[in-house]
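Under UniProt numbering, read the sequence shown as residues 1 to 179, first letter to last.
For each residue, glycine too, the CB sits at the ideal point set by N, CA and C.
Predicted, not measured: the structure shown is a model, and the values here were computed from it.
Each remark here refers to the structure printed beneath this line.
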Amino acid sequence: MTNTPNTLLVFFSRSGENLWDGGRRTLEIGNTKRVADMIAERIECDTFEITAADPYSDGFDSVDQRSAQELRDNARPAIAGELPDVGKYERIIVGSPVWHAELPMILRTFFDETGGLAGKDVYPFVTFTGGAGAALSEVDAACPKATVHQGLPVRGEDAEGAGEDVDAWVAVEFHGEEL
Numbered sequence: 001m002t003n004t005p006n007t008l009l010v011f012f013s014r015s016g017e018n019l020w021d022g023g024r025r026t027l028e029i030g031n032t033k034r035v036a037d038m039i040a041e042r043i044e045c046d047t048f049e050i051t052a053a054d055p056y057s058d059g060f061d062s063v064d065q066r067s068a069q070e071l072r073d074n075a076r077p078a079i080a081g082e083l084p085d086v087g088k089y090e091r092i093i094v095g096s097p098v099w100h101a102e103l104p105m106i107l108r109t110f111f112d113e114t115g116g117l118a119g120k121d122v123y124p125f126v127t128f129t130g131g132a133g134a135a136l137s138e139v140d141a142a143c144p145k146a147t148v149h150q151g152l153p154v155r156g157e158d159a160e161g162a163g164e165d166v167d168a169w170v171a172v173e174f175h176g177e178e179l
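Have a look at this one:
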């Protein structure tokens, strides 16, 4: 391993009340963060967690309403703090939950503010409850001048035990193995 990673793992995750197997469950650690942590254990990388300048509520209903409005408005919610310099990295891993069968609008803010990660190798992963929807293909659309690799979809309820799926994805995408 080198001392300076050429990979940046960027993710947005939300703890609090989430949909869970037809009901609801309060998560201390968001599903996307769980998967991001697994990836970071397997790949030498720097990490950056995207947080909203106007934080999302812990309650599912208010987040659902807010995110639906952001989607209708094609909003670009502000990201708290300064983004990392993506120019320092060759590979960018991008993780997100799926809201309303799409990426949350704050991910579009990230893509807009980083020039769609032009010239980078982009490796998306998503966590979802109802389905991955179009979220992984949205990364292709948001990053037209990047090379977007095969994404990793993980059902939210399975995030804690997704180690084998993460291992397989890392083996193929980062080590060139065939399964």
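Cα-Cα separation between residue i and residue j, rounded to whole angstroms
| i | j | result |
| --- | --- | --- |
| Ile79 | Ile50 | 7 Å |
| Glu138 | Ile39 | 21 Å |
| Arg108 | Arg76 | 7 Å |
| Ser62 | Gly176 | 42 Å |
| Gly130 | Glu178 | 29 Å |
| Thr26 | Ser13 | 13 Å |
| Gly161 | Asp54 | 31 Å |
| Thr2 | Cys45 | Legend: pLDDT at Thr2 = 41, less than 50; position of this residue unreliable, value from coordinates given subsequently. One C-alpha to the other measures close to 10 Å. |
Short Cβ contact (9 Å threshold) for residue i with residue j
| i | j | result |
| --- | --- | --- |
| Pro84 | Leu8 | yes |
| Ala168 | Thr127 | no |
| Phe111 | Val154 | no |
| Leu136 | Val35 | no |
| His149 | Glu164 | no |
| Gly59 | Glu113 | no |
Closest Cα partner of residue i within the set the options
| i | options | result |
| --- | --- | --- |
| Ala142 | Glu44, Val126, Cys45, Leu117 | Leu117 |
| Lys33 | Phe11, Phe111, Cys45 | Phe11 |
| Gly81 | Ser67, Gly87, Phe48 | Phe48 |
Delimiting residues of the alpha helix (DSSP H) encompassing residue i
| i | result |
| --- | --- |
| Val172 | 163-175 |
| Arg14 | Per DSSP, Arg14 belongs to no alpha helix (DSSP H) and is neither H nor E. |
Residue i - containing beta strand (DSSP E), residue span
| i | result |
| --- | --- |
| Val126 | 121-128 |
| Leu27 | 23-27 |
Quick one: any contact between the region 68-79 and the region 98-111, if contact means 3 or more CB pairs under 8 Å? For the pair of segments examined, the region 68-79 was found to touch the region 98-111: the number of CB pairs separated by less than 8 Å reaches three.
Check whether the region 87-94 touches the region 113-131, taking contact to mean three or more Cβ pairs, one atom from each stretch, closer than 8 Å. Touching, yes.
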